[in-house]
Amino acid sequence: MYSSPLIVTTLNENQTKTGFQIKELKLHKDRVVGKILRKLPQYFPFESRTIDLCKDARSPKYTAFCATDTSCEKVGICLLVMNNSSTAEIWLLAVSPEFHGQGIGTLLMARAENEARNRGRKYMLVRTISPSQNDPNYLRTFSFYKKLSYTFLFESEDIWQGTTCAFLVKKL
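In the numbering used here, each number is its position in the sequence shown, counted from 1, plus 97.
Here it is as structure tokens:
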């Protein structure tokens, strides 16, 4: 009797079954942030905010994770910062619009959460525009974080001028 060989596909921690790769990005973090954010004017309508986030990406205090597709195009970015000995924060999460709904944001979040755990953090914080603003884009963003088991803590009008900020947290 002939038996066919068992083909096993093993993935390293940077690869996914969807064909996207998630890697820590060391060089040109600011360029990737700028490229992706400029494709998302519904989320980042102010060039000054994009420039600020590009500057943030240059800082060594932010760890960047990048999602690439099968052609090595950079399609998603996540900036992670360690706030203190117990809490990390997602400073930025952005995926090119043509790749929305393909699980890239979830993969980037999982990689950032693993990094925070590996660095001994117990909680992950994320901020987004509050659902009370009734912005359809940010209602989807808020729902995305809730789907990933983030708990809505509170909202504040004192963080971002003219916009209500929602704080969400997850125990790692």
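All C-beta atoms in this analysis are idealised placements derived from N, C-alpha and C, irrespective of residue type, glycine included.
Values in this document were obtained by computation on a predicted structure and should not be read as measured data.
How would you write the range of the alpha helix (DSSP H) that residue i sits in, first residue to last?
i	result
Cys-175	Not the alpha helix (DSSP H): Cys-175 falls in the beta strand (DSSP E), residues 171-179.
Thr-238	233-244
If you run the structure through DSSP and keep just helix, strand and coil, what is residue i?
i	result
Leu-134	helix
Leu-250	strand
Tyr-140	coil
Phe-117	coil
Asp-255	strand
Leu-150	helix
Thr-260	strand
Leu-204	helix
Lys-126	helix
Between the C-alpha atoms of residue i and residue j, what's the straight-line distance to the nearest angstrom?
i	j	result
Thr-203	Ala-164	11 Å
Thr-238	Leu-245	11 Å
Ala-213	Ser-229	29 Å
Asp-232	Leu-177	25 Å
Asp-166	Cys-262	32 Å
Thr-107	Gln-118	For Thr-107, the predicted structure reports a pLDDT of 33, less than 50, and the residue's modelled location is therefore unreliable. A value from the coordinates is still provided. Cα to Cα, Thr-107 sits roughly 14 Å from Gln-118.
Thr-260	Glu-254	6 Å
Phe-196	Asn-211	23 Å
Asn-111	Lys-120	Here Asn-111 scores only 44 on pLDDT, less than 50, and its place in the model is too uncertain to base an answer on.
Arg-155	His-125	8 Å
Gln-199	Ser-183	31 Å
I believe residue i touches residue j by the beta-carbon criterion, under 8 Å. Please report the beta-carbon distance rounded to the nearest angstrom.
i	j	result
Phe-162	Arg-208	5 Å
Leu-137	Leu-150	Rounded, the Cβ-Cβ distance is 11 Å, inconsistent with contact.
Phe-264	Leu-222	7 Å
Ends of the beta strand (DSSP E) at residue i?
i	result
Leu-189	184-192
Thr-167	Counting along the chain, Thr-167 falls outside any beta strand (DSSP E), and DSSP gives it neither H nor E.
Arg-218	Looking at the DSSP string, Arg-218 is not in any beta strand (DSSP E), and its letter there is neither H nor E.
Judging by CA-CA distance, which residue of the options is the nearest neighbour of residue i?
i	options	result
Thr-248	Lys-120, Ile-256, Leu-269	Leu-269
Pro-142	Asn-234, Asp-255, Asp-153, Ile-256	Asn-234
Any beta carbon of chain C sitting closer than 8 Å to that of residue i?
i	result
Ser-253	No chain C appears in this structure, which consists of one protein chain only.
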